[in-house]
Structures are given as structure tokens and as C-alpha cells.
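Here's the structure we're looking at; comments come further down.
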Amino acid sequence: MNQEFLYIIVIIALGYLLKRLRILQEKDGEVISKLIFKITLPALVLVTFDSVKLETSLVLIPVIVILYGILITILGLLVFKNEEREMKGTFLILSSGFNVGLFAFPLVFAIWGMNGLTYFSMFDVGASFIVFGIAYILASYFSEEGLSLKPVEIIKKLSRSIPLMTYFIASILNFTHIKLPDVVINVASILSEANMPLSLLLLGLYLNFTFDKQTIKPLLKYLTFRYSLGFLIAIALYFTLPYEPMFRYTILIGLLLPAASSAITFAVEFKYSTKSIRLMATISNITILISIVILYIFANII
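Residues in the sequence shown are numbered consecutively from 162, following the working numbering.
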């Protein structure tokens, strides 16, 4: 397992090195990101859900994630109530979401294989509702222009998420025991193999270790809030949920995953300041590093 993690770190470092050598630039990450979310990740979902049997209990995972997203948003409103409007929005957007598809899938596959991906795919269903629902609303509400959303816009945002729609279709096919043609699964299997290296390269490409010293205090406040609450809830659920170990591992690790990278996209869409966007990028990078350490520890304990 240590060797698997070494390979993962090397690929992430390669992405960062390619950026430093100017062979690739951060703007190239937009193309890689589109390839992942529109092709390789949906392909991986199809292959994963085709090869396993979904237990009814797995439906509870996205429910837990959504309830947690609501809880952390409510508590975040209290914790960050004294921050400036845009800064408050920045922390709340980052608090509610999780980076599952890009970050967790490659590492989970290295630890648990397809079985682990099944559980974390269900976690990602809940995370998608949080990101494109709660986080998107928060991003709009705390922007300079204020809330200008309608329910129809949220539904459109969710329906345009190719990974989320793929989850729904793949889940329905699995529960109804409908099999896709072998040629579809075989092609999807080939495409899905590119998901891990592309995701890890993208993480390295977006790594940035520069930040404003004035943001250190609020940054530490955010990290303490996110990981303290995530750890307490995760531990409580791990020891109280009456389900198989993989179910409980998913909740335990899932609630400690990095902040969703889509927060930056929302900030740009709703015209947040450059300072806020840079802070989001810094926090996203730091949570990735923290979560890598957490997953490494779990991989060697479990």
C-alpha cells in the first residue's frame, strides 16, 4: 500500500513539476477537467456500477452527506458570523462541499478497488447535491449582487452535471438488473483507466503554495472548523451505524475529504474578488494535502 501511495504522490508531483517547467499551465487544467468530468469519470461510474450489486443500505450514504451539508452550513453561519459578507460566503461555500471525483476516486481505488469506488460513488451523489445545491445558493447569496437564483436554475445546474446524471442512470440500471451491451462497458472500461492519472495530474497542476499572510488566521479558523466537525461526526457515525465496515469507512473518510474545487468556479461566476478566489484556491490545496495524509494513515491502519 505504501508503494501505491508513492506512485500517487509521484504523479501529483509530476503535474506540479510540469507546471513549474511551463510545459503545462493552469489553464490547461480546464481541458483536463472537462475530459475527466465529461468522459473518464462517467465511464468509471458505468463500469463500477455494472460490476457490483448495490445494496439498499447504500442509498443512506447520500442522505447522510446531504444532512451533514445542511448541518455544517447552519453551524458555519454561526462560526463565521463576524466575517465580512464575501469572506463569510467564501468559507461557507468551502465548508459544505467535498472533492470526491478528482481526489478520492484514485486513492480509494488504490486502497479498496472497485468495491470501494461503489461506496464512494454513492457518497459523491450526496456531495453533488450539496455542491450544486447548497454551495451554489450560498455563493450567490453572499456575492456582491446578492441572491438572484430561482429553483429552476438549481434544477438545471444539477441536470447539467454529467457525473450526477450518470450516477442516476447507472443506479437505476443496477437496481433494475438491466445490463448495458458488452461493447459499451468495454469501451467505458478503457476510458475509465485514464481517470486516475488525469485526476492526479490535475491535482498537481492546480497546487499552489503561495498565500497572503493576512489570511492565516481566518484560514486556520476555517480548517479547525471543517476538520473538527467532520472528525467528530465521522467518528460518531462510524461507531453507531449498524452497517458493514466499508459503509462506515466511507462516511469516516468521506467527511474528511478536501473542499470541492467547484467553489472557485462559483466564485468566478458570481464575481467574487480576486482576494477571495485566491484564498479559495489556497484552502483547496491545503485540504488536499491534509486529506492525503489522512487517507495514508487510514490505508496503513485498515
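From the three backbone atoms N, C-alpha and C, an ideal C-beta is built for every residue, glycine too. Remember, predicted model here, so these are calculated numbers, not experimental data.
If you draw a straight line from the C-alpha of residue i to the C-alpha of residue j, how long is it?
| i | j | result |
| --- | --- | --- |
| L278 | T209 | 7 Å |
| F293 | R321 | 10 Å |
| S389 | V269 | 22 Å |
| G190 | S445 | 15 Å |
| A355 | L361 | 10 Å |
| A420 | L384 | 10 Å |
| G230 | K374 | 29 Å |
| L255 | N243 | 17 Å |
| T411 | G262 | 14 Å |
| A442 | W273 | 29 Å |
| V171 | E306 | 43 Å |
Only counting the same chain, and skipping five residues up and downstream in sequence, which positions put a Cβ closer than 7 Å to that of residue i?
| i | result |
| --- | --- |
| K199 | I323 |
| K249 | F241 and F303 |
First and last residue of the alpha helix (DSSP H) that includes residue i?
| i | result |
| --- | --- |
| L361 | N356 to Y367 |
| G294 | Taken as a continuous stretch (DSSP letters only), G294 belongs to no alpha helix (DSSP H), as it is neither H nor E. |
| P419 | Where P419 is concerned, there is no enclosing alpha helix (DSSP H), given that its DSSP letter is neither H nor E. |
| E430 | S423 to E430 |
| P324 | I323 to F336 |
| Y433 | That residue, Y433, is in no alpha helix (DSSP H); it is neither H nor E in DSSP. |
| Y229 | L221 to V240 |
| I351 | D343 to S353 |
Helix, strand or coil: how does DSSP classify residue i here?
| i | result |
| --- | --- |
| R246 | helix |
| Y383 | helix |
| L185 | coil |
| N260 | coil |
| Y399 | helix |
| K374 | helix |
| S304 | coil |
| E405 | coil |
| L393 | helix |
| E165 | helix |
| F214 | The question names Phe, but residue 214 in the sequence shown is Lys. Note: K214 maps to coil in three-state DSSP. |
| I449 | helix |
Please go through the same chain and pick out, in chain order, the residues whose beta-carbon is closer than 6 Å to the beta-carbon of residue i, but skip the five residues on each side of it.
| i | result |
| --- | --- |
| L368 | Y177 and N446 |
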